[in-house]
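Numbering (the working numbering), first residue to last: 342 to 539.
This is how it looks when you write it as structure tokens:
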């Protein structure tokens with residue numbers, strides 16, 4: 342029975358699974374993104390994120406602990422020298438999974454798993470999003486008298502610069518109404534003519 346065993350075994354024995362995740366983690370650290378199946382990527386995320394957290398503290402003990410998982414000196418060096426500096430301010434969530442469709446051979450779901458801080462395109466989009474931050478407040482609280490008088494100049498300027506579009510009335514052509522009484526008898530007469538007499 343497999344009660345309370347929640348992680349994905351990936352159809353492999355434990356030694357094979359650990360070796361595969363170790364190799365995939367080393368590849369992810371060296372290349373910053375790898376192409377794999379969604380199931381393996383989710384298993385890899387659980388495997389590699391604690392190692393990334395451990396790399397924030399650069400001590401001999403943490404290096405040896407990470408090496409025991411990765412078994413690659415080059416990956417450990419890259420992790421502690423380069424990656425740990427970039428992820429220092431991030432409180433977890435170091436990887437991102439982007440689905441890329443299904444594989445032709447066996448229709449397996451494929452994806453890219455990448456380190457969040459190394460995707461320059463996504464980082465630039467995130468920076469643009471900071472410009473239009475909105476102020477939120479709880480629904481039950483009331484504004485103070487001083488807050489009502491304050492208006493942000495950027496918001497006021499944005500309201501003034503928006504072009505006002507006037508709606509023009511649309512002319513509707515007058516309908517020509519034909520009497521339905523004239524049309525219906527013709528249809529009924531044609532239907533009666535088509536039916537053969539019994």
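Glycine residues also receive a C-beta, built at the ideal position from the N, C-alpha and C atoms.
- Its Cα nearest to that of residue 385, the residue 367 stands out among 399, 396, 367.
- Under the three-state reduction of DSSP output, residue 400 falls in the coil class, being neither helix nor strand.
- Straight through space, the alpha carbons of residue 408 and residue 402 are spaced by roughly 10 Å.
- DSSP places residue 364 within a helical segment (H, G or I) once states are collapsed to three.
- For residue 425 against residue 458, the beta-carbon gap comes to about 11 Å, at or over 8 Å, which does not count as contact.
- Here residue 464 is exposed. Its C-beta has fewer than 16 other C-beta atoms within 10 Å.
- By the Cβ neighbour-count rule, residue 365 is buried, with 16 or more other Cβ atoms within 10 Å of its own.
- Contact check for residue 349 against residue 380 passes: the beta carbons are separated by less than 7 Å.
- Between residue 443 and residue 373, the alpha-carbon positions lie close to 22 Å from each other.
- Look at residue 427 here: in three-state DSSP terms it is helix.
- Separation of residue 467 and residue 369 (C-alpha to C-alpha, rounded to the nearest whole angstrom) is 23 Å.
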